[in-house]
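For reference, the structure is listed below as structure tokens.
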Amino acid sequence: MALRRMRAVVALAGAVTLTAGLVACGGGDDEGGGGGEGKTLNVLIGANTQYPEEFQAWQKSVSDKFKAQTGATVEFETFATANDELTKIQTSVVAGSGPDVYAVGTTLTPTAYSTGAFVKLGDEQWDKIGGKDKFVPATLGISGPDEQNQVGVPWVSRPFVMVYNTEILKAAGISKPAATWDELTQHAKQLTTGDQYGLSVGYKDNFDPWKFVWGMSVQAGNPLVDGKTAKLTDPTTKKAYQTYFGWLTTDKVVNPAAIGWSNSQAIAEFAKGKTAYMALTSATAAKALDGGATKGKWSFALLPTVPPGATSRPANGVEAASILSGDNLLVADYSKNQDLAFEFVKLITDQEVQLEYYKAVGNLPANAAALDTLKSDQQLATVAEAAKKSVATPFTGAWADIQLALTNVVVQSIPDLSKGSVSDAQLDARLADAQKAAQSSLDRAK
Amino acid sequence: MTDDGTTTTLAERGEDTAAAPGHRERRRRGVTEQQRPLWMLIPGGLLMTLIIIIPLLLAVYISLIDLDQYTLRRWLEAPFIGLDNFVEAFQSGLPNSIWISVSFAVLSTAATVPFGIAAAVATQNAYRGRSLVRAVFLIPYVLPSFVVATVWRTMLQPDGIVNNLLAKANVDGGLWLSGPKSYWTLILVEIWAAWPFIYLMALAGLQSVDGEVHEASAIDGANWWPKLTHVILPYLRGPVLLACLLATLNHINNFTLPFVLFGAPAPDDVNVMPMIVYVTSFQSLRFGLSAAMAIVSLLIIAIPLFVYLRALRLDVHEEGGRK
Amino acid sequence: MTAPTRRRPAAGEAHRLLPPAVLFAVTVGLCAMVLIPLLYIVLASLNTDLGVASGEFWPSTFSLDSYTRIWTTADLSTGLLNSMLVCTFVAIASAVLGTMTAYVLVRYTFVGRITILRGLVGMQSIPGTLMLLPVFVLYSSAGNYLGVAVVGTRWGLFLAYLTFALPFSTWVMVTYLRGLPRELEEAGRMDGASTVRILFRIIVPLSLPAIVVSGIFAFLLGWNDVLFASVLTRPETQTAAVALSIFGATQEGGAIPVYSQVMAAALVTAAPVVILYLVFQRYLVGGLTAGGVK
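Protein chains in written order, with the numbering used here: chain A, 1450 to 1895; chain B, 2 to 324; chain C, 617 to 910.
Shown next, in the form of structure tokens:
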């Protein structure tokens, strides 16, 4: 009995301690005082797991600067994936409370815009953040549907580039990396021997496949959306899919295991040093490339800008070396600290902080002056050029659905890919499904 | 919750069976003599009303309005469209998804039961290292779903460890994560991750077996199988049946596993209900439609569930073999 | 004490349920089933990210790097602390409330009893994705209209998990309590003990296995949830599961995810639960003994 009592006392003590903890911590969430000082600005940005320490150091430095400037505290929240961020945006918009500033990916910006929950940028707002002129012109391409209706302030660019293994190309006597998709296919064929492959592709990636299909289509003159009409069954789009699948099925320049790879696995494959080319969706892969057998043996080039099946770009084709990729900063219109929010946006888009961020995590500045200072680096010059030749995806609230539909074509084709071919009829049927989904979403778009 | 006459009779009928026959008289008296401590229902009831029932009603309302990204900001003003969302849900892939989900859940549950019971029985008698083994059995259950899914996704790659091993045995593993086989992959991984649930419930059930029962039926090692199936297992019927029911519901609502294992958009073969609800809600931003889908599936699960519950009298039956 | 009929055989040599050979086969088989994938997790956590991404089972280079780096990649220590705090409370509270509710449901008749019992099962078939938005609206309304900040607090999360765990906890207790002989309490009732006293003096000690089970599941529910925690917490209140999901971050443009750290972090977050279980399992197993014989 004594033992039992003692146990009860211990349990009780434990419970009391825990309660104290719960209450004490619960009380620590005050929103700050009422005055100009002591306010808290909540900022939602993507987590960075590649350079966590540098990322945190940058956050600290920005917070300190902002505190010195305005007296307000910045609190950074991070999200793991774009889906998480979308969930956060949605719940915050419905409830009318949440982060004040969001860093939103470029392809997600139209979706965010369509909620109408972000502050539109008039002259007043642009002035507050230092004017439109301080940005690289191309980066403004996906700030809004038109000049009068912009919500996104460019923050960083992550253009797509192609990486190639310099040794493999040199050994085969190829002096210049491919500049057209056909040339790329042909190089890849030539470079596929034994356990060496011409291309590394992540067919099972959930985010990437549509990006290349979009690129090839737009180079052939089809931006996939024309006003309120989806054009996914266009021959240019079909050709793009055929090329993308063909690398594996007819050209056989890709490791057959690639049907199960995500983008990062494709990078890992390239980093083994046994692959000639890979189309990257971000130059930040450089770290992984230097960590593998490819250290010192790789170089960036622009992605081909001549559509498959052509030797030169058609008249209506666009020289899209990359999707306009990166992050925009959006200020929530429910925010009670909008002035502070814009001051913060100004701070982190100024040259100094932009360069700091570049040094910390390797994302390219959207600030023109900051980008200019980086020109001396050869590898970077290619990336910077890709940034300038970036083209925005169509600005419509339906884009998220269209992206999903485009990716779904690849997802559902994987079993056929593994069998060795995706027939015309199968591809047509899947494209028709995608077209239907895309069109119905466009019809709903307001 | 108020009740009409029908439910009251139901309740009384239930109570009749709930009270073991011998005690009925005394019970009746006990209740009239003693005040029923119904206040003890209040804290739990209040919480469930506030955080489950009210949000559920709100969800029902959402399923009746055209709530999407364009109306999200002023959701109270979103147009009321009646059952349109439900009609659209049925025209979309929902029926197919429900079929996949239900069959997947039932198969997974059926497959986990032998594992769970075997593990519980195997750790019933003490031996050196038993607590370690028990802890090991728990591991799949305590690993977060997304880790479990990541691990299996990596192992089941076309060029992953599983296929490499199969290749050594001259078997072509093929595609585990795409195409028709992905359905079985989902079930396999779910079994791996979920059997400890049955195990824990069965273990708790085994504790209620009296020592005398063991003694009475313990003759020698030779007839362990009849003893197990005829003496011990009946004790487990209640807990394991409950476990099966709940496990099935958990399988049906498991979102993280298919999402991380296959990604979104998922292969058609594993486009389970939570996937389609999630994608509709948080990728296509059609909240109204997705709420309608979720409610349809909820009803479709709930109806057989209640019929089943009534038929089995699970909520009223006496524990097998108890005095 | 009461319940003299309930006791367990001492070490039970004579009452083995399985012959040694079968016991051995079952144990080894199940352990292998669990441990082989687990071995993969352990090996991956000792590998490099690139190595895991390229599909290695046996690391070409071993390193403990991941175990030191996880603490800076995401705020895992804050997450673990928060999860511990919130989930421990959820476990205790749901066991207490579940036992109380179940006791009334099992021992007393009243209008709506069966409806409640059925409702308890029905509530468990509600998908989380359906509830996320409404619960968030409810929570933030409390902030907007009542001036009580719920979103972002630990107790807000605690209430949500507790409520989601309650139907199950109550059900476990209902099935268990139904099997307890009524005589035990009635002896107590004759002595004039109050209901609460009977509940905590007689019922609780006898129900420890079920209470521990319902507590464990309530704990795990909170421990593994990402969906609700990701929108209901802020950086300083985030749970381990949210911190863990940061490791799965797919940076746009997809550099190699930190696979190795994911595995290391998963093992680190799973460890407290396994330890807790090891601590509690003697209650789980010896519950009846504690209540009856000693």
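Note that CB positions come from ideal geometry on N, CA and C, so glycine has one too. Please read these numbers as outputs of a predicted model, since none were measured by experiment.
{"Query": "Cβ neighbours of Y893 of chain C in the same chain (closer than 8 angstroms, five flanking residues each side left out)", "Result": "I832"}
{"Query": "Presumed contact (8 angstroms Cβ cut-off) between D1572 of chain A and S1784 of chain A, rounded CB distance", "Result": "Not quite, the Cβ-Cβ distance comes to about 20 angstroms (not below 8 angstroms), so this is no contact."}
{"Query": "Rounded straight-line distance, which links the Cα of S757 of chain C to that of G763 of chain C", "Result": "9 angstroms"}
{"Query": "Proximity test, Cβ basis, 7 angstroms: G1483 of chain A and chain C", "Result": "Confidence at G1483 of chain A is low in this model, with a pLDDT of 36, below 50, so its placement is unreliable and no value can be given for it."}
{"Query": "Euclidean distance between Cα positions of L1891 of chain A and L1681 of chain A", "Result": "12 angstroms"}
{"Query": "Cutoff 7 angstroms; reference L633 of chain C; Cβ partners in own chain excluding five residues on either side", "Result": "none"}
{"Query": "Unbroken beta strand (DSSP E) run spanning E1524 of chain A, endpoints", "Result": "T1522 to F1528"}
{"Query": "Where the beta strand (DSSP E) through N1777 of chain A begins and ends", "Result": "G1775 to V1780"}
{"Query": "CB-CB length for W196 of chain B against F116 of chain B, believed under 8 angstroms", "Result": "4 angstroms"}
{"Query": "7 angstroms Cβ cut-off: residues of chain C touching T113 of chain B", "Result": "The premise fails here: T113 of chain B is roughly 12 angstroms from chain C at the closest Cβ pair, so nothing lies under 7 angstroms."}
{"Query": "DSSP-derived helix/strand/coil call for S1771 of chain A", "Result": "strand"}
{"Query": "9 angstroms Cβ cut-off: residues of chain A touching Y71 of chain B", "Result": "S1563, T1564, G1565, G1846, R1893, A1894 and K1895"}
{"Query": "Completely contained alpha helix (DSSP H) runs for the stretch 722-806 of chain C, where each covers 4 or more residues", "Result": "729-739, 744-761, 770-794 and 799-806"}
{"Query": "Contact the stretch 1610-1627 of chain A vs the stretch 1729-1746 of chain A: 3+ CB pairs below 8 angstroms", "Result": "yes"}
{"Query": "Residue-chain proximity (F896 of chain C, chain B), Cβ-Cβ < 7 angstroms", "Result": "no"}
{"Query": "Extent of the continuous alpha helix (DSSP H) run through V1794 of chain A", "Result": "Q1787 to T1798"}
{"Query": "A1627 of chain A beta carbon less than 7 angstroms from that of H1636 of chain A", "Result": "yes"}
{"Query": "Residue-chain proximity (I140 of chain B, chain C), Cβ-Cβ < 7 angstroms", "Result": "yes"}
{"Query": "W1747 of chain A, enclosing beta strand (DSSP E) - first and last residue", "Result": "W1747 to A1750"}
{"Query": "Status (buried if at least 16 other CB within 10 Å, exposed otherwise) for L692 of chain C", "Result": "buried"}
{"Query": "Under 8 angstroms by beta carbon: chain C residues contacting E1502 of chain A", "Result": "T688"}
{"Query": "Where V1542 of chain A meets chain B, residues with beta-carbon distance less than 7 angstroms", "Result": "L73 and R74"}
{"Query": "Chain C residues whose Cβ lies nearer than 9 angstroms to that of T155 of chain B", "Result": "Y656, A660, V668, A669, G671 and Y875"}
{"Query": "Integer-rounded CB distance, given that V1662 of chain A should sit under 8 angstroms from T1642 of chain A", "Result": "Incorrect: roughly 28 angstroms between the Cβ atoms, too far for contact."}
{"Query": "Chain-ordered chain B contacts of T1678 of chain A [CB-CB under 7 angstroms]", "Result": "Near T1678 of chain A there are no residues of chain B at all, since even the closest Cβ is about 19 angstroms away, more than 7 angstroms."}
{"Query": "Chain C contact residues for I52 of chain B, given Cβ-Cβ distances below 8 angstroms", "Result": "V751, L754, L775, A776, T779 and F780"}
{"Query": "The stretch 875-892 of chain C in contact with the stretch 121-128 of chain B per 3-pair CB rule at 8 angstroms", "Result": "no"}
{"Query": "Within chain A, partners of Q158 of chain B - CB distance below 8 angstroms", "Result": "A1706, G1709, W1710 and Q1714"}
{"Query": "Bounding residues of the beta strand (DSSP E) (the contiguous stretch that carries T1724 of chain A)", "Result": "T1724 to L1729"}
{"Query": "Collapsed DSSP secondary structure at Q1645 of chain A in the structure displayed", "Result": "strand"}
{"Query": "Selection of the stretch 264-284 of chain B by Cβ proximity to chain A, strictly under 8 angstroms", "Result": "G264, A265, P266, A267, P268, D269, V280, F283 and Q284"}
{"Query": "Per-residue contacts from S676 of chain C into chain B (C-beta, under 9 angstroms)", "Result": "Result: empty, since nearest Cβ-Cβ is about 15 angstroms, beyond 9 angstroms."}
{"Query": "Same chain, Cβ closer than 8 angstroms to V32 of chain B, neighbours up to 5 away in sequence not counted", "Result": "Note that V32 of chain B scores 45 on pLDDT, short of 50, meaning its location in the model is unreliable; the coordinates nonetheless yield the value given after this. If we look at V32 of chain B and ignore the five residues flanking it on each side, it has no Cβ neighbours."}
{"Query": "A1878 of chain A at chain B interface by Cβ criterion, 7 angstroms", "Result": "no"}
{"Query": "Reduced DSSP category for F678 of chain C - H, G, I as helix; E, B as strand; rest coil", "Result": "coil"}
{"Query": "Runs of beta strand (DSSP E) lying entirely within the stretch 1563-1595 of chain A, each at least 3 residues, in chain order", "Result": "none"}
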